[in-house]
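Residue numbers (my numbering): 15 to 341. Below is one structure; the comments refer to it alone.
Listed below in structure tokens is the structure:
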């Protein structure tokens, strides 16, 4: 998977890592929003309190968990929040309890998947977020990324490895140690987007068709244009869904999406896709809607939809996702 953000050598010399580990220009660094230390500590403590009483919050105070996820999880506890929200912690502990060696992940690392799987994983290591300090130029994260992807290929040899999995695993490693990242990765593959990476991609194709039906409900005008130009929904949803929008948004916006995704599931991807399409084709900026209705072929319209996704104000997207009239 080719990273969206290429940089020349002169740019690289001037760039510095931001809060999230991505190399950015000094100007971009200055523009990044920051949260007051006192506010950050207060929010962190709320999450620590929830971790201590996790079962209670999940069983009887889930609306509070969802509310805090939608506000955005504090970076300092985000990894552990994902580990808890995905139930990876529970699955990890249960699996290791029944493992003779004490660690399923470490056992998997002693095994070797098919040679073509290993080759495919190695090819993608340097392509996954080369603008992040962990993954650039043989950074420490590349070995961890290899370990997580290899372990999953051993865990589920029927799926093995798919190129779209690499950025997902890389993002998890930005927040968690490899063993915990592996178990969250397992949960994503087997609970959140089950079947997305199987041969034939049937599950993601089914979700693309489901998205088309929902588009008809939320923007009949937009749906008519899509049908007029014979736009297959897989053309714009495939990359969004298979990479969990990791090739569309960067930190911190992407992490906010994942905060909601781990709490509410795949419907978060649907809601975001629906808002993007509706904004592009019907109720967004007038010049964008005008361009959409002047498109005379499917590929131009798909390109506009994908471009609009990156240009719409992110906080506005979140608000409209929350208000989307879906049951």
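Positions of the beta carbon are idealized from the N, C-alpha and C atoms, including for glycine. What you are looking at is a predicted structure, and each value in this text was computed from that prediction instead of being measured.
- Considered as a whole, the segment 54 to 141 harbours 68 to 74, 76 to 85, 89 to 99, 102 to 111, 118 to 123, 129 to 139 as its complete alpha helix (DSSP H) runs of no fewer than 4 residues, in chain order.
- Counting the other Cβ atoms within 10 Å of the Cβ of residue 244 gives fewer than 16, which makes it exposed.
- Taking a C-beta distance under 7 Å as the contact criterion, residue 114 and residue 167 do not qualify as a contact pair.
- Between the C-alpha atoms of residue 207 and residue 58 there is a straight-line separation of about 29 Å.
- Looking at 264, 275, 280, the one whose alpha-carbon comes closest to that of residue 325 is 264.
- One thing to note: residue 161 has its Cβ within 7 Å of the Cβ of residue 123.
- Taking a C-beta distance under 7 Å as the contact criterion, residue 335 and residue 286 qualify as a contact pair.
- Counting the other CB atoms within 10 Å of its CB gives residue 56 a total below 16, which places it among the exposed residues.
- Taking C-beta atoms as the reference points, residue 181 and residue 158 fail to come closer than 7 Å.
- Per DSSP, residue 177 lies in no alpha helix (DSSP H) segment and is marked neither H nor E.
- CA-CA distance, residue 277 to residue 303, rounds to 32 Å.
- Annotation: the continuous alpha helix (DSSP H) that includes residue 158 extends over 154 to 169.
- The beta carbon of residue 226 sits closer than 8 Å to the beta carbons of 237, 240, 247 from its chain, once the five residues preceding and following it are set aside; these are given in chain order.
- Check the Cα spacing between residue 147 and each of 91, 250, 187: the tightest is with 187.
- Judged by DSSP in its simplified three-state form, residue 327 adopts coil rather than helix or strand.
- In the DSSP annotation of this structure, the continuous segment of the alpha helix (DSSP H) that includes residue 271 starts and ends at 267 to 278.
- The Cβ atoms of residue 271 and residue 323 lie no closer than 7 Å to each other.
- Within the same chain, Cβ atoms closer than 8 Å to the Cβ of residue 229 are found at 236, 237, 240, 247, 288, 291, 292, the five residues on either side in sequence being excluded.
- Setting aside the 5 residues that flank it on each side, residue 118 is surrounded in the same chain by 109, 110, each with a C-beta closer than 7 Å to its C-beta; the list follows chain order.
- The DSSP-derived three-state label of residue 30 is strand.
- Between residue 331 and residue 233 the beta-carbon gap is near 15 Å, outside 8 Å, which marks them as no contact.
- According to DSSP, residue 38 shares a beta bridge with 30.
- A straight line joining the alpha-carbon of residue 88 with that of residue 54 spans about 7 Å.
- If you look at residue 229, you'll find it in the alpha helix (DSSP H) that goes 216 to 232.
- The continuous stretches of alpha helix (DSSP H) do not include residue 257, and DSSP gives it neither H nor E.
- With a threshold of 16 other beta carbon atoms within 10 Å, residue 51 falls short and is exposed.
- Taking C-beta separations shorter than 6 Å and ignoring five residues to either side along the sequence, the partners of residue 106 in its chain run 197, following chain order.
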